[in-house]
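Asker: Right, I'll just put the structure down here and ask away after.
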RNA sequence: GACCCUUUCAUCUAGUGGCCAAGGAUGUUGCAUUUUCAAUGCAUUCACAGAGGUUCAAAUCCUCUAAGGGUCGCCA
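Given below as structure tokens:
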């Protein structure tokens, strides 16, 4: 059984980098009929934010990634960790360190000055004298002193880190609370995680966690470290960058399936295929096909994907999605004509909603430049009026009727289509570009068309 | 500074020694279509980081160089 997990710390919003590794983990579990767990890494109480936690769960539900079992909170599992700290202490695999913060800083500075990699020097590793007074000790684990820590990374291949690079790191702070690398290893082992898929900023935590696995006699899972996503400037995505908060994509009118499709192709591929339904992602995903190199994201492709998925959506789905963008056509009798007229020219739901609003709302004013352009010919108003009169007589019903009315009018007056089309569009939409005139008029109906034509003539 | 990772078009990528004078997609530009804007179709543009090896043969293997990234907390 494959068990994967996503283990964010609730210190910021979920950004697309996190969403992508979560997606990879989720796909791998679903593909194998395994489990995908959600675990909140909140051991550092001072830095937790309730809001951030809610945002993460909200984002998960938006994209439709379901997790198994309940959400695990590390802050509720301290007694478990304590047990293992005591165990390691009594087995002599961990020890108390009485070094003060100041001493530690001094040591680090000294090592930096000598151009060495800063690391704990092990001074309390075999200490059995009288501890200094007034200092609450932290607990450190005994890391191997020599040799090489090796693991096979599912993405990068064999990774070798010499043991001298891994110091006796702290597993419990002086206030008794356990630290990240310790609890991650314990939880992953206890929860039976078989595949740890995470960002490669954790690559260096892996040897530390292996030290914990070994000390506790746990089985080491498979690791797959996914390279980072960079921003368009090729720099690391920052959590503070509001534009990349997952929920902002929703607010900006992106469909979750477009975002997921976009993310799955960032660092992963399946031949030349670009469009993946969720089912196909699950079917084809394999961590072995994840790229080693980091990638930068490119909004153009997301827009392309998004318009693709907008066109795929049913009228029912689209119209209910649009409610969130201030357009309610759920029960509109001409819903499907409206959507057909507009969805081809919208890259986002936001754009779609404003296209629809343009049609549904009677224009109250006209852009000066556009007006001047469309009405630069003095006869234009007269032409529009004549067209309105013709319409009244023709009494068109369908978009074919309207089309015929237009054609007839152009033929009768021997003018180019553009002569009437541009002013008419401005009259109907208040804009010079947008949906086809036939469709717009069918949606509006004869009366509203005449009102709008009349309005612009009076302008 | 030390250690680790990475390097194919502007961007995402295919590619595991011959099928590659490098394929797909987005973007660009052009043409067609059209009442506008789109959409669509067709075409166009653009890359193996560099230098040395190994080999009959290298984008693919090896070495070095360069550039980018990551990590060095009683943060996660």
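Residue numbers (the numbering used here): -10 to 448.
Here a beta-carbon is modelled for each residue, glycine too, at the ideal position from N, C-alpha and C.
Keep in mind it's a predicted model, so treat the numbers as computed, not measured.
Would you check if there are 3 or more beta carbon pairs closer than 8 Å linking the segment 23 to 31 to the segment 60 to 67?
Answerer: Enough Cβ pairs lie closer than 8 Å, so yes.
Asker: Where does the unbroken alpha helix (DSSP H) through residue 9 begin, and where does it stop?
Answerer: Walking along the first chain from the start, residue 9 turns up at place 20. Here the alpha helix (DSSP H) through residue 9 covers 5 to 20.
Asker: Output the boundary residues of the alpha helix (DSSP H) element that contains residue 371.
Answerer: Counting from one through the first chain, the residue named residue 371 turns up at place 382. First-last of the alpha helix (DSSP H) with residue 371: 369 to 383.
Asker: Can you give me the C-alpha to C-alpha distance between residue 6 and residue 148, rounded to a whole angstrom?
Answerer: For the purposes of this step, residue 6 is taken as the residue at position 17 of the first chain. For the purposes of this step, residue 148 is taken as the residue at position 159 of the first chain. Cα to Cα, the separation comes out at about 23 Å.
Asker: Consult DSSP for residue 397 and reduce its assignment to one of helix, strand or coil.
Answerer: Taking the first residue of the first chain as position 1, residue 397 is located at position 408. Helix.
Asker: Return yes when the Cβ of residue 291 is within less than 8 Å of the Cβ of residue 243, no when it is not.
Answerer: As a position in the first chain, residue 243 is number 254, starting the count at 1. As a position in the first chain, residue 291 is number 302, starting the count at 1. Yes.
Asker: Tell me the start and end of each unbroken alpha helix (DSSP H) in the segment 325 to 369 that is at least 4 residues and wholly inside, in chain order.
Answerer: Complete alpha helix (DSSP H) runs here, min 4: 338 to 349 and 357 to 363.
Asker: Report the option in 236, 446, 136 and 330 whose CA atom is closest to the CA atom of residue 432.
Answerer: The residue labelled residue 432 in the question sits at position 443 within the first chain. The shortest C-alpha separation from residue 432 is found at 330.
Asker: Give the range of the alpha helix (DSSP H) segment to which residue 297 is assigned.
Answerer: Taking the first chain and counting its residues from 1, the one referred to as residue 297 is at position 308. Residue 297 -> alpha helix (DSSP H) spans 288 to 301.
Asker: Please go through the same chain and pick out, in chain order, the residues whose beta-carbon is closer than 7 Å to the beta-carbon of residue 278, but skip the five residues on each side of it.
Answerer: Here residue 278 refers to the residue found at position 289 when the first chain is read from its first residue. The residues are 257, 258 and 259.
Asker: Using the Cα positions of residue 226 and residue 371, report the straight-line distance between them to the nearest angstrom.
Answerer: Indexing the first chain from 1 puts residue 226 at position 237. Indexing the first chain from 1 puts residue 371 at position 382. Taking the straight line joining both Cα atoms gives about 58 Å.
Asker: Does the distance from the CB of residue 87 to the CB of residue 113 come in under 8 Å?
Answerer: Along the first chain, one-based indexing puts residue 87 at 98. Along the first chain, one-based indexing puts residue 113 at 124. Going by C-beta atoms, residue 87 is nearer than 8 Å to residue 113.
Asker: Would you mind reading off the limits of the alpha helix (DSSP H) that contains residue 151?
Answerer: Here residue 151 refers to the residue found at position 162 of the first chain. No alpha helix (DSSP H) holds residue 151; the beta strand (DSSP E) holding it covers 146 to 151.
Asker: Which same chain residues, not among the five before or five after residue 57, have their C-beta less than 7 Å away from its C-beta?
Answerer: Sequence index remark: in the first chain, residue 57 carries index 68 (1-based). Within the same chain, residue 57 has close Cβ partners 24, 25 and 26.
Asker: Work out the CA separation of residue 395 and residue 470 for me, nearest whole Å.
Answerer: Because the chain here runs from -10 to 448, residue 470 falls outside it and cannot be looked at.
Asker: Could you compute how far the alpha carbon of residue 430 sits from the alpha carbon of residue 388?
Answerer: Taking the first chain and counting its residues from 1, one reaches residue 430 at position 441. Taking the first chain and counting its residues from 1, one reaches residue 388 at position 399. Computed Cα separation, rounded: 7 Å.
Asker: CA-CA distance, residue 222 and residue 284?
Answerer: Residue mapping note: residue 222 aligns to position 233 of the first chain, counting from 1. Residue mapping note: residue 284 aligns to position 295 of the first chain, counting from 1. The alpha-carbon atoms of residue 222 and residue 284 are separated by roughly 11 Å.
Asker: According to DSSP, which residues form a beta bridge with residue -6?
Answerer: On the first chain, residue -6 is found 5 positions in, with the first residue counted as 1. Note: residue -6 sits in a beta bridge opposite 26.
Asker: Roughly how many angstroms separate the alpha carbons of residue 212 and residue -5, rounded to a whole number?
Answerer: Residue 212 sits at position 223 when you count from the first residue of the first chain. Residue -5 sits at position 6 when you count from the first residue of the first chain. Between residue 212 and residue -5, the C-alpha separation is close to 13 Å.
Asker: Over the uninterrupted alpha helix (DSSP H) stretch that includes residue 440, give me the two end residues.
Answerer: As a working note, residue 440 is residue 451 in the first chain. It spans 426 to 447 - the alpha helix (DSSP H) in which residue 440 sits, taken as one unbroken run.
Asker: On the CB-based measure, 16 or more other CB atoms within 10 Å of its CB, does residue 441 come out buried or exposed?
Answerer: Position 452 of the first chain, counted from the start, is the residue given in the question as residue 441. That one is buried.
Asker: With DSSP run on the structure shown, which of helix, strand or coil describes residue 140?
Answerer: If you number the first chain from 1, residue 140 lands on position 151. It is a strand residue.
Asker: The beta strand (DSSP E) spanning residue 85 covers which residue range?
Answerer: If you number the first chain from 1, residue 85 lands on position 96. Per DSSP, residue 85 belongs to the beta strand (DSSP E) from 83 to 86.
Asker: Do residue 265 and residue 199 have their CB atoms nearer than 8 Å?
Answerer: Counted from its first residue, the first chain places residue 265 at position 276. Counted from its first residue, the first chain places residue 199 at position 210. Result no, Cβ atoms of residue 265 and residue 199 do not sit closer than 8 Å.
Asker: With DSSP as the reference, label residue 278 as helix, strand or coil.
Answerer: As a first step, residue 278 is located in the first chain; it is residue number 289 there, counting from the start. In the structure shown, residue 278 sits in a helix (DSSP, three-state: H, G or I).
Asker: Between the alpha carbons of residue 231 and residue 237, how many angstroms are there, rounded?
Answerer: Here residue 231 is taken as the residue at index 242 of the first chain, counted from 1. Here residue 237 is taken as the residue at index 248 of the first chain, counted from 1. Because the pLDDT at residue 231 is just 43, under 50, the model does not fix this residue reliably, and the point stays unresolved.
Asker: Let me know the secondary structure DSSP gives residue 194 once reduced to three states.
Answerer: In the first chain, counting from the first residue as 1, residue 194 sits at position 205. Residue state, collapsed to three classes: helix.
Asker: Could you check the C-alpha separation between residue 4 and residue 125 for me, to the nearest Å?
Answerer: Your numbering for residue 4 matches position 15 in the first chain. Your numbering for residue 125 matches position 136 in the first chain. If you take the alpha carbons of residue 4 and residue 125, they lie about 38 Å apart.
Asker: Taking only the alpha-carbon atoms, compute the straight-line gap between residue 445 and residue 434 and give it to the nearest angstrom.
Answerer: To locate residue 445, count along the first chain from 1; it is residue 456. To locate residue 434, count along the first chain from 1; it is residue 445. Going by the C-alpha atoms only, they are around 17 Å apart.
Asker: Around the C-beta of residue 240, are 16 or more other C-beta atoms found within 10 angstroms, so that it is buried, or is it exposed?
Answerer: To locate residue 240, count along the first chain from 1; it is residue 251. So residue 240 counts as exposed.
Asker: Out of 107, 89 and 420, which one is the CA nearest neighbour of residue 354?
Answerer: Position 365 of the first chain holds residue 354. It is 420 whose Cα lies nearest to the Cα of residue 354.
Asker: Go ahead and pull the three-state DSSP assignment for residue 321.
Answerer: Residue 321 sits at position 332 when you count from the first residue of the first chain. Coil at residue 321, not helix or strand.
Asker: Please state whether DSSP places residue 213 in a helix, a strand or coil.
Answerer: Taking the first residue of the first chain as 1, we reach residue 213 at position 224. Residue state, collapsed to three classes: strand.
Asker: Under the three-state reduction of DSSP, which class applies to residue 402: helix, strand or coil?
Answerer: Counting from one through the first chain, the residue named residue 402 turns up at place 413. Coil.
Asker: Mapping DSSP to helix, strand and coil, what is residue 233?
Answerer: Position 244 of the first chain, counted from the start, is the residue given in the question as residue 233. Three-state DSSP puts residue 233 in a helix.
Asker: Based on the DSSP secondary-structure assignment, which residues constitute the bridge partners of residue 184?
Answerer: The sequence position of residue 184 within the first chain is 195, counting from 1. DSSP, once it has assigned bridges, lists 211 as partnering residue 184.
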